[in-house]
Each structure stands twice: as C-alpha cells, then as structure tokens.
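Residue numbers (our numbering): 12 to 110. Glycine is no exception: its CB is placed at the ideal position from the N, C-alpha and C atoms. Here the structure is a predicted model, which means the values were calculated and not measured. Here the structure is laid out as structure tokens; the discussion comes afterwards.
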C-alpha cells in the first residue's frame with residue numbers, strides 16, 4: 012500500500028498541507044537523536060537513517076503542533092513512529108495490546 016505524499020493538519024486554527032518532502036528536508040537539517048540525547052518516554056519518527064523527536068521534526072517542516080498531532084501527521088505520511096523506553100521497569104511493563 013502506498014503512503015500519501017501530503018496530509019492536512021490544523022496549525023493554530025489554520026488548515027495546512029504538509030508534504031512528505033517537507034519532512035524529509037526538515038530531517039536533513041536536524042541532528043538525529045542518539046543514546047546520549049534521547050529522552051525517556053519521548054516520541055520519535057524514523058526518517059531516512061535518523062531518529063528525530065516528532066515535535067521538532069514537524070516544527071522544522073512548518074507544522075508547529077502538539078506531540079499527539081505530530082505523531083499522527085508523521086504516521087499518516089508513512090514514517091515509522093515510536094517511543095523510547097530505556098528503563099527496565101518500562102521495558103518490562105506489558106503493552107496494553109500485547110497482554
């Protein structure tokens with residue numbers, strides 16, 4: 012299934028179209044996060060070979076939205092979205108969908 016190349020999002024009450032290419036260009040300007048800069052329980056999107064905070068990535072693409080909206084925007088454009096869990100307690104806790 013092919014992913015859409017544009018998604019509509021509302022930014023401070025104004026409807027905007029965000030293009031997949033805008034996200035890819037934003038990722039190329041941002042420094043990817045890594046083990047020493049990642050924040051526990053933060054949300055990330057994989058763009059190219061780098062992980063980026065979803066909020067920073069969306070903002071750099073011109074869609075300065077809340078984290079939930081950024082996650083959905085990036086997901087809808089076909090980018091893998093994930094959360095970082097580095098403590099043993101978080102990793103050991105069951106995911107609600109996994110039992």
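Query: Taking the alpha helix (DSSP H) that residue 66 falls in, what are its first and last residues?; Result: 65-71
Query: From which residue to which residue does the beta strand (DSSP E) around residue 26 run?; Result: 25-30
Query: Identify whether residue 21 lies in helix, strand or coil by the three-state DSSP scheme.; Result: strand
Query: Quick check: the Cα distance between residue 83 and residue 64, rounded to an integer number of angstroms?; Result: 13 Å
Query: Have a look at residue 81 and residue 54 and give me their C-alpha separation to the nearest angstrom.; Result: 9 Å
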